[in-house]
Amino acid sequence: MPAGVVDVRGHALGQPRPADRNGSDGRPLSTPARRVSGHYVRQPTGYRAYIPAPLPPDPPVAVDAARLAHASEALARLNAIATQQPFVAGFAAMCLRREAVLSARIEGVRATLADLLAWELDPATPGLPADVQDAANIAAALRYAPARLADLPLSLRLLREIHALVLRGPAGEGKTPGEFRRSQNWVGPPGATLATAAFVPPPPGELLAALGQLEAYMHTVDDTPPLVRIALVHAQFETVHPFLDGNGLVGRVLIQVMLQQQGVLRLPLLYLSLAFRMRLPDYEAGLAATREGDWERWLDFFLAAIESAAYDVDVTAQAVGRLVDQHRALLAGQPPVTTDLRVLGLLTERPLLDAAAVGQALALSSHAADAALSRLESIGIVTRLANGQYQYTAYLRWFQELGELPAGGIVHLERW
């Protein structure tokens with residue numbers, strides 16, 4: 200089978216695979232089929248750094264055909280949503296924000312979606328957590344990177360630009376935003392050292408070669424299914440760990456970029472970090488398994504995560520679609536219909552607003568914007584907050600995590 204072609208088989212999920220892993224002695228790591236995944240190199244100070252073999256894996260990866268089909272079908276449903284939702288641009292904007300918040304949460308950021316919306320409306324809003332800009336940075340990168348593909352290919356340069364965005368401001372202090380590392384980093388629990396780290400990526404002297412191989416693979420054209428290619432690239436990027444910090448954030452943005460660049464998703468509707476966060480130990484174990492040559496374990500996890508997250512988006516889309524339709528019907532009998540429908544459409548994109556923001560976005564006078572919001576409040580569509588802002592509460596609930604919901608809030612139907 201030619202290199203790069205994926206062997207798609209119908210093996211049973213969860214079927215055990217015999218182990219033949221000998222990385223502890225420094226020899227190449229492999230699966231029973233002798234798949235070499237990389238090798239360790241002992242450094243002058245005594246620690247051992249890992250250098251991955253170039254993509255694609257050899258022998259080719261055996262992908263569960265049913266799991267690949269289910270994940271692909273789940274994403275096809277999301278593409279259908281992109282043509283059916285009355286306010287799909289607003290829905291996509293909220294999905295993007297949710298991905299940003301959930302990706303940041305994996306890295307320990309505590310800011311919520313409500314915090315992010317408040318920060319976007321007014322960064323000086325009292326009481327916002329200090330790390331809310333971290334989530335805002337990720338959202339900015341998720342917006343920027345797919346648009347950048349119009350004049351820049353998927354490349355190391357784009358990865359550096361994404362990194363500069365996600366570490367903009369205080370988050371990037373001392374972490375050289377936008378630059379590949381020139382010193383050794385490592386992965387491990389707080390307090391870990393190079394000697395006790397769970398994993399040490401390639402040393403600086405090997406980094407550019409590993410990155411060059413990754414970039415070459417991203418530009419390779421072969422028969423690999425797009426979802427499999429995205430999974431391989433994400434895992435290899437995480438293994439190379441090219442930045443001093445922020446690699447996980449950049450890696451998850453890279454998934455979103457490739458979903459659109461590979462033509463899998465038309466709009467950024469998939470908040471995949473939801474599934475990663477739900478099964479974080481399995482996410483980390485799947486990535487680690489690739490360094491043992493077990494790419495199948497990682498791909499099984501990745502495709503299941505795609506299906507699970509897409510299911511949640513589908514449920515949410517149906518619910519908010521019904522909600523918005525109900526509110527459109529309410530407004531149909533309330534003059535002036537056109538202005539109020541425009542404000543409702545804006546609220547699907549930005550469910551926390553004030554009159555000034557509405558006026559600026561829709562080119563309305565201050566009086567007209569305030570009057571429209573007051574009308575929406577009078578019929579129960581929005582809630583007026585103490586600070587004069589208006590919140591589309593019933594809509595926002597569908598994008599919040601369970602811990603953020605008020606009593607009686609909506610419960611998401613998530614499956615794995």
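Everything in the sequence shown is counted per the numbering used here, starting at 200 for the first residue and increasing by one. Virtual Cβ for every residue (Gly too), placed ideally from N, Cα, C. Fair warning: this is a prediction, and the values are worked out from it, not measured in the lab.
Host alpha helix (DSSP H) of residue i (start-end)
{"i": "Arg297", "result": "Val287 to Ile305"}
{"i": "Leu341", "result": "Val331 to Arg347"}
{"i": "Trp318", "result": "Leu312 to Leu320"}
{"i": "Tyr482", "result": "Leu479 to Thr489"}
{"i": "Val399", "result": "That residue, Val399, is in no alpha helix (DSSP H); it is neither H nor E in DSSP."}
{"i": "Phe379", "result": "From DSSP, Phe379 is part of no alpha helix (DSSP H); its letter is neither H nor E."}
{"i": "His362", "result": "Leu355 to Val365"}
{"i": "Asp425", "result": "Per the sequence shown, residue 425 should be read as Pro rather than Asp. First-last of the alpha helix (DSSP H) with Pro425: Pro425 to Val439."}
{"i": "Gly368", "result": "Note, Gly368: premise wrong, no alpha helix (DSSP H); not H, not E."}
{"i": "Gly447", "result": "Asn446 to Gln460"}
Span of the beta strand (DSSP E), counted from its first residue to its last, around residue i
{"i": "Ala248", "result": "Arg247 to Pro251"}
{"i": "Ala509", "result": "Not the beta strand (DSSP E): Ala509 falls in the alpha helix (DSSP H), residues Trp494 to Ala531."}
{"i": "Asp569", "result": "Note, Asp569: premise wrong, no beta strand (DSSP E); alpha helix (DSSP H) at Ser565 to Ser577."}
{"i": "Arg241", "result": "Gly237 to Arg241"}
{"i": "Val420", "result": "First-last for Val420: undefined, no H or E at that position."}
{"i": "Val262", "result": "Ala261 to Asp263"}
Residues that DSSP places opposite residue i in a beta bridge
{"i": "Gln590", "result": "Leu551 and Thr582"}
{"i": "Val386", "result": "Phe398"}
Identity of the residue in the options nearest residue i by Cα
{"i": "Arg356", "options": "His526, Pro258, Val240 and Glu378", "result": "Glu378"}
{"i": "Gln435", "options": "Gly462, Ala396 and Trp497", "result": "Trp497"}
{"i": "Leu295", "options": "Tyr470, Pro253, Phe286 and Asp513", "result": "Tyr470"}
{"i": "Pro402", "options": "Phe475, Val439 and Leu431", "result": "Val439"}
{"i": "Ile361", "options": "Val456, Val432 and Gln284", "result": "Val456"}
{"i": "Val514", "options": "Leu584, Ser564, Ala488 and Ile280", "result": "Ile280"}
{"i": "Asp444", "options": "Pro388, Ser354 and Pro376", "result": "Pro376"}
{"i": "Ala291", "options": "Arg549, Leu543 and Val557", "result": "Arg549"}
{"i": "Met293", "options": "Val420, Leu341 and Val386", "result": "Leu341"}
{"i": "Leu274", "options": "Glu600, Trp494, Gln599 and Gln459", "result": "Gln459"}
{"i": "His418", "options": "Arg521, Val432 and Arg359", "result": "Val432"}
{"i": "Arg596", "options": "Thr547, Gly558 and Val557", "result": "Thr547"}
{"i": "Val262", "options": "Trp494, Arg521, His526 and Gln383", "result": "Trp494"}
{"i": "Gln517", "options": "Pro285, Ser271 and Glu272", "result": "Pro285"}
{"i": "Ala339", "options": "Ser354, Leu327, Gly326 and Leu364", "result": "Leu364"}
{"i": "Pro256", "options": "Phe475, Ala562 and Ala430", "result": "Ala430"}
{"i": "Leu468", "options": "Gln242, Val260 and Thr282", "result": "Thr282"}
{"i": "Val519", "options": "Gly544, Asp539, Leu502 and Glu414", "result": "Gly544"}
{"i": "Leu385", "options": "Gly447, Leu348 and Gly326", "result": "A quick correction: the sequence has Trp, not Leu, at residue 385. With distances taken between Cα atoms, Trp385 lies closest to Gly447."}
{"i": "Ala396", "options": "Gln383, Leu406 and Arg297", "result": "Gln383"}
{"i": "Arg241", "options": "Arg541, Leu540 and Glu405", "result": "Glu405"}
{"i": "Gly387", "options": "Arg380, Val399 and Val557", "result": "Val399"}
{"i": "Ala562", "options": "Val536, Arg541 and Val523", "result": "Arg541"}
{"i": "Ala323", "options": "Tyr594, Asn586 and Leu479", "result": "Asn586"}
{"i": "Phe475", "options": "Val287, Glu306 and His526", "result": "Glu306"}
{"i": "Leu464", "options": "Pro259, Pro253 and Arg276", "result": "Arg276"}
{"i": "Asp499", "options": "Leu522, Ala270 and Leu254", "result": "Ala270"}
{"i": "Tyr594", "options": "Ala560, Leu522 and Pro534", "result": "Leu522"}
{"i": "Leu366", "options": "Asp350, Val331 and Pro345", "result": "Val331"}
{"i": "Glu600", "options": "Pro369, Leu473, Ser565 and Pro325", "result": "Leu473"}
Three or more C-beta pairs under 8 Å: does that hold for the region 402-412 against the region 421-428? no
Three or more C-beta pairs under 8 Å: does that hold for the region 523-535 against the region 568-583? yes
Between the region 258-277 and the region 500-516, do at least 3 Cβ pairs fall closer than 8 Å? yes
Should the region 444-459 be called in touch with the region 297-312, which here means at least 3 C-beta pairs below 8 Å? yes
Taking one C-beta from the region 565-576 and one from the region 546-557 each time, how about it: are there three or more such pairs within less than 8 Å? yes
Counting pairs of beta carbons, one from the region 232-252 and one from the region 483-491, are three or more of them closer than 8 Å? yes
Taking contact to mean 3 or more Cβ pairs, one atom from each stretch, closer than 8 Å, check whether the region 240-248 and the region 472-483 are in contact. no
Is it true that the region 308-317 meets the region 329-347, where meeting means three or more beta-carbon pairs spaced less than 8 Å apart? yes
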